[in-house]
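Everything below concerns the one structure shown next.
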Amino acid sequence: MVEQDKSRGGRCARRQWWAEPTLQLAALVLPCLCAACAASQQEALKTSRGDQMIAEYFRAEIGNLRDSCLADVKSLQDWQQKRQIYRKELFEMLGLDPLPEKTDLKPVITGRVEHNEFTVENIHFQSRPGLYVTGNLYIPKNLEKAAPAILYVCGHSPVKKDQISYGNKTAYQHHGAWFARNGYVCLVIDTLQMGEIEGIHHGTYRYKMWWWNCRGYSPAGVEAWNCIRALDYLQTRSEVDAEKIGVTGRSGGGAYSWWTAALDERIKVAVPVAGITDLQNHVVDGCVEGHCDCMYIVNTYRWDYPLVAALVAPRALLISCRTFSCSRMTPSSGKMVSLSLFEIRSARGATRAATKG
3 MVEQDKSRGG
13 RCARRQWWAE
23 PTLQLAALVL
33 PCLCAACAAS
43 QQEALKTSRG
53 DQMIAEYFRA
63 EIGNLRDSCL
73 ADVKSLQDWQ
83 QKRQIYRKEL
93 FEMLGLDPLP
103 EKTDLKPVIT
113 GRVEHNEFTV
123 ENIHFQSRPG
133 LYVTGNLYIP
143 KNLEKAAPAI
153 LYVCGHSPVK
163 KDQISYGNKT
173 AYQHHGAWFA
183 RNGYVCLVID
193 TLQMGEIEGI
203 HHGTYRYKMW
213 WWNCRGYSPA
223 GVEAWNCIRA
233 LDYLQTRSEV
243 DAEKIGVTGR
253 SGGGAYSWWT
263 AALDERIKVA
273 VPVAGITDLQ
283 NHVVDGCVEG
293 HCDCMYIVNT
303 YRWDYPLVAA
313 LVAPRALLIS
323 CRTFSCSRMT
333 PSSGKMVSLS
343 LFEIRSARGA
353 TRAATKG
């Protein structure tokens with residue numbers, strides 16, 4: 003505040019703000035008010051009771067969904083009547099109903115690497131026009147006839163050098179090599195987020211793109227579609243026995259293996275490694291907190307995940323994980339429901355949960 007001081011020749015003399023009585027009072031009172039407001043705000047932010055109520059609500063809802071999952075399936079006839087309905091629901095919850103047109107894959111082999119036991123082809127194809135899927139195809143040497151094939155789907159393992167993405171297939175190349183050494187043709191494909199052409203998985207997990215759910219979109223659907231088109235590609239290869247195709251992958255790849263086997267009966271055996279569990283583990287145990295959008299459907303029809311396993315029956319399903327992974331993604335209930343359906347169908351396949359230390 004500035005006033006004219008006549009006694010000093012009209013010069014401006016600055017009176018300090020704290021010299022004003024009103025401001026002195028404010029200086030004394032405001033800290034008290036601020037302290038009171040802070041205490042009030044802190045009291046308002048105590049949400050433990052509300053958090054507990056929400057947790058109890060989710061626990062009760064998950065219990066209801068678990069108990070109702072496949073409760074109406076009492077016989078083989080029941081299952082045969084409902085199976086295609088369930089599969090259509092899964093396509094819809096992945097954003098794949100109606101199914102996209104199967105357009106020309108336009109596959110390209112960009113290079114080859116020769117190993118003394120197998121050949122690796124660097125490939126890409128388009129699952130939709132302009133949607134490129136990059137991968138490596140491992141082909142055993144000296145094949146005398148068409149061989150069984152494995153579609154290997156990768157988890158979240160980025161490989162970059164000088165800001166260039168080599169694709170997460172690079173992190174899993176030892177798996178492709180193992181299959182080729184053991185007589186399988188193996189196609190290892192990159193995922194949407196961590197391929198050579200990088201997209202986004204973490205829309206809601208990291209970037210607050212909540213409109214994804216509102217529009218029925220999940221990257222799980224894109225990954226499932228890329229896997230379906232990868233099967234189309236494998237069936238074009240003369241080295242592949244088109245009637246003997248399996249799918250596997252770990253973490254995110256475990257989830258995609260799960261979806262693909264449920265959706266596409268060309269898969270004769272599926273081995274999801276981690277990446278799969280039930281709603282109890284996801285919601286009540288908190289597993290969802292550490293996992294990506296690509297692991298989840300938009301759950302319009304209020305499924306529990308054993309229904310996914312059920313859609314694989316009577317084909318062979320091995321649910322596998324390491325001890326550490328199982329502590330966060332336990333496959334127990336999915337195994338049990340699927341096993342009951344295998345028994346209903348008197349299938350030759352078997353379902354079991356494998357834990358490897």
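Numbering (our numbering), first residue to last: 3 to 359. Where is the CB? At the ideal position from N, CA and C, for every residue including glycine.
| Asked | Found |
| --- | --- |
| Below 8 angstroms between beta carbons: does that hold for residue 224 and residue 137? | no |
| Which residues share a DSSP beta bridge with residue 110? | 126 |
| Could you have a look at residue 96 and say whether DSSP puts it in helix, strand or coil? | coil |
| Going by DSSP, what residues sit across from residue 152 in a beta bridge? | 188, 248 |
| Counting pairs of beta carbons, one from the stretch 210-220 and one from the stretch 233-241, are three or more of them closer than 8 angstroms? | no |
| May I have the straight-line CA-CA distance separating residue 272 from residue 312, to the nearest angstrom? | 12 angstroms |
| For the alpha helix (DSSP H) containing residue 67, name the first residue and the last one. | 50-70 |
| On the DSSP letters alone, give me the boundaries of the beta strand (DSSP E) that residue 272 sits inside. | 269-275 |
| Give the single residue among 155, 154, 172 whose Cα lies nearest to the Cα of residue 162. | 172 |
| When the Cα atoms are used, what is the spatial distance from residue 328 to residue 262? | Confidence at residue 328 is low in this model, with a pLDDT of 45, below 50, so its placement is unreliable and no value can be given for it. |
| Per DSSP, residue 318 is paired with what? | 271 |
| Could you tell me whether the Cβ atoms of residue 288 and residue 255 are closer together than 8 angstroms? | no |
| Looking only at its own chain, which residues have a Cβ that is under 6 angstroms from the Cβ of residue 135, when we skip the five neighbours before and after it? | 127, 129, 191, 228 |
| In this structure, does DSSP put residue 295 in helix, strand or coil? | helix |
| Per the DSSP calculation, residue 137 is bridged to which residue(s)? | 125, 191 |
| Give a yes or no on contact between the stretch 139-146 and the stretch 84-92, applying the rule of three or more CB pairs nearer than 8 angstroms. | no |
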